[in-house]
Amino acid sequence: MAVLKIRVLPDPVLRQKARRVNSIDNSIRRLVNDMMDTMHSSSGVGLAAPQIGISLRVVVVEVPEESALVLINPEIIRKEGVRSLTEACLSVPGYQGELERAVKVKVKAQNLQGKEIRIRGEELLAQALEHEIDHLNGTLYIDHIKSPDELQKVDVEGEERYI
Ligand code: CO
């Protein structure tokens, strides 16, 4: 297990479409452990494999007071509602932005045992799921902001939650 360096813009791995995981073997289990360690050592509530330089469709999410989720090949299958919120990303340090996200999402994925699972998320969990699955497609939250004024510089040591 290891805490790995988080890739930040303009690292090209953040803009690649990540590959599907075909078999969940020891290398994937090791990757998930490293992603958990890296997420816990940052103030993140989620992390996608491309953020540590691995272009594979693997995401971990851990919102306060809920158990950690490991999602292999996740896909959003349903979105409901629209809300405005403030978002920040570990790969875009020092900034936050205003954007719109769904109120609720439903995600289909595989767990670490290869079993198909469905997750319903609201509030921060919905936001984190959308944000992390975007990472697998090379999309960052800054792509969703409407104008440069909606991206603000923030104190890196601040209270904002990075996802
Ligand atoms: Co992010």
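When you read off a place in the sequence shown, starting at 1, and then add 269, the result is the number in the numbering used here. Built from N, CA and C at the ideal position, the CB exists for glycine as well.
**Request:** For A371, I'd like the list of residues in its chain whose CB is within less than 7 Å of its CB, leaving aside the five on either flank, ordered along the chain.
**Result:** When the five nearest sequence neighbours on each side are left out, the beta carbons in the same chain lying within less than 7 Å of the beta carbon of A371 are those of K348, E349, G350, V351, A395, E399, in order along the chain.
**Message:** Here's the rule I'm using: 16 or more other beta-carbon atoms within 10 Å means buried, otherwise exposed. How should Q320 be labelled?
**Reply:** By the neighbour-count rule (16 or more Cβ atoms within 10 Å), Q320 is buried.
**Request:** Would you check whether the ligand CO has a heavy atom nearer than 7 Å to the C-beta of I432?
**Result:** When distances are taken from the beta-carbon of I432 to the heavy atoms of the ligand CO, the shortest one is below 7 Å.
**Prompt:** Apart from the five residues on each side of it in sequence, which residues of its chain come closer than 8 Å, Cβ to Cβ, to V301?
**Reply:** Here V301 has V327, V329, V339, L381 as same chain residues with Cβ atoms under 8 Å from its own Cβ, once five neighbours each way along the sequence are excluded.
**Prompt:** Which residues mark the beginning and the end of the alpha helix (DSSP H) in which I297 is found?
**Reply:** 295-310 is the extent of the alpha helix (DSSP H) around I297.
**Message:** Quick check on E334: buried or exposed, where buried means 16 or more other Cβ atoms within 10 Å of its Cβ?
**Reply:** E334 counts as exposed, since fewer than 16 other beta carbons sit within 10 angstroms of its beta carbon.
**Message:** For the region 281-290 against the region 400-415, do three or more pairs of beta-carbon atoms, one drawn from each stretch, fall closer than 8 Å, so that the two count as touching?
**Reply:** Cβ pair count under 8 Å is three or more, so yes.
**Message:** Please determine whether the Cβ atom of L368 lies at a distance below 7 Å from any heavy atom of the ligand CO.
**Reply:** Not so, every heavy atom of the ligand CO lies at least 7 Å from the Cβ.
**Reduced DSSP category for E335 - H, G, I as helix; E, B as strand; rest coil** = Of the three classes helix, strand and coil, the one that applies to E335 here is coil, per DSSP.
**Message:** Using a Cβ-Cβ cutoff of less than 7 Å, which residues in the same chain neighbour L278 once the five nearest sequence positions on both sides are dropped?
**Reply:** A distance below 7 Å between beta-carbons, with the five flanking residues on each side excluded, links L278 to the following residues of its chain, in chain order: S360, V361.
**Message:** At a cut-off of 7 Å, would you count H249 as near the ligand CO, judging by its Cβ distance to the nearest heavy atom?
**Reply:** The displayed coordinates of the chain run from 270 to 432. Any statement about residue 249 would go beyond what the structure contains.
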